[in-house]
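Using numbering that gives the first Met the number 0, read the sequence shown as starting at 0 and increasing by one per residue. The C-beta atom is built at its ideal place from N, Cα and C for all residues, glycine as well. Remember, it's a predicted structure, so these values are computed and weren't measured experimentally. Following: one structure in structure tokens, then a few remarks.
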Amino acid sequence: MGSIILKGKLFTGYDIIENGEIKITGSMIEKVGEKGSIEIKKDDKVFDFSGLTIMPGLIDAHLHFFGGTSHELMDWVTVNPQTAMLRSTLDAFRLLNSGFTTVRSLGDKTSIALSKAFKNEELLGPRVFSASYSIAQTGGDDDPRILPIDIAYRLSYSYYCDSPWECRKAVRLCIRDGADVIKVYA
């Protein structure tokens, strides 16, 4: 199986190469250079994007796959899990189509499953680094104080921790869920 060759105006992240080429073998960028600097073999697939700009994928370093449709807390925490997953899948697809090839989701109920589905090529979406649930303290920044505490605990995207041992347990639960990063509210 050959490589993929992309031709066009390249933005490398630092420089512009007006007539550039990129050689991709498997999932790795093997070479980037001026036109003619890459040997093209007969089994390579060549895509000519002359007149267009090829650039590295964008990264969104802080988002949430809540599946809500507004900026209201109650919308985020009361959407049913199936609807949240469907909306989050669409949100992830839209991110990918907007040039975001990597995202970091910092506290939600859907991103671990989305990450696995994208990694296994079961769904199309960006690479997801997920925190699973975040870690917060009772009465702190992520505690929705408009709700009774028992309801807040049930609906929240955080583990509420008020001691070092509770924090350790919450981190272990996040890791058990498959978290790539740990988000801590301070």
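- Note on geometry: alpha-carbon atoms of Leu-146 and Gly-124 lie some 34 Å from one another.
- The straight-line gap separating the alpha-carbon atoms of Lys-44 and Leu-94 is approximately 26 Å.
- Under the Cβ criterion (8 Å, minimum of three pairs), the region 58–72 counts as touching the region 108–117.
- Shown here, Asn-119 sits in coil according to DSSP, grouped into three states, outside any helix or strand.
- Within the DSSP secondary-structure output, Val-45 pairs in a beta bridge with Ile-4.
- Taking the C-beta atoms as reference points, Leu-57 is found no nearer than 8 Å to Ala-91.
- In the three-state reduction of the DSSP assignment, Leu-51 falls in the strand class.
- Of the other Cβ atoms in all chains shown, fewer than 16 fall within 10 Å of the Cβ of Val-180; this residue is therefore exposed.
- Counting every other CB atom within 10 Å of its CB across the protein chains shown gives Ala-83 a total of 16 or more, marking it as buried.
- A Cβ-Cβ separation of about 7 Å places Tyr-158 in contact with Leu-172 under the 8 Å criterion.
- For Ile-148, there is no enclosing beta strand (DSSP E); the residue is part of the alpha helix (DSSP H) that begins and ends at 148–154.
- Ranking Ala-169, Gly-50, Gly-7 and Asp-59 by CA distance to the CA of Gly-32 puts Gly-7 first.
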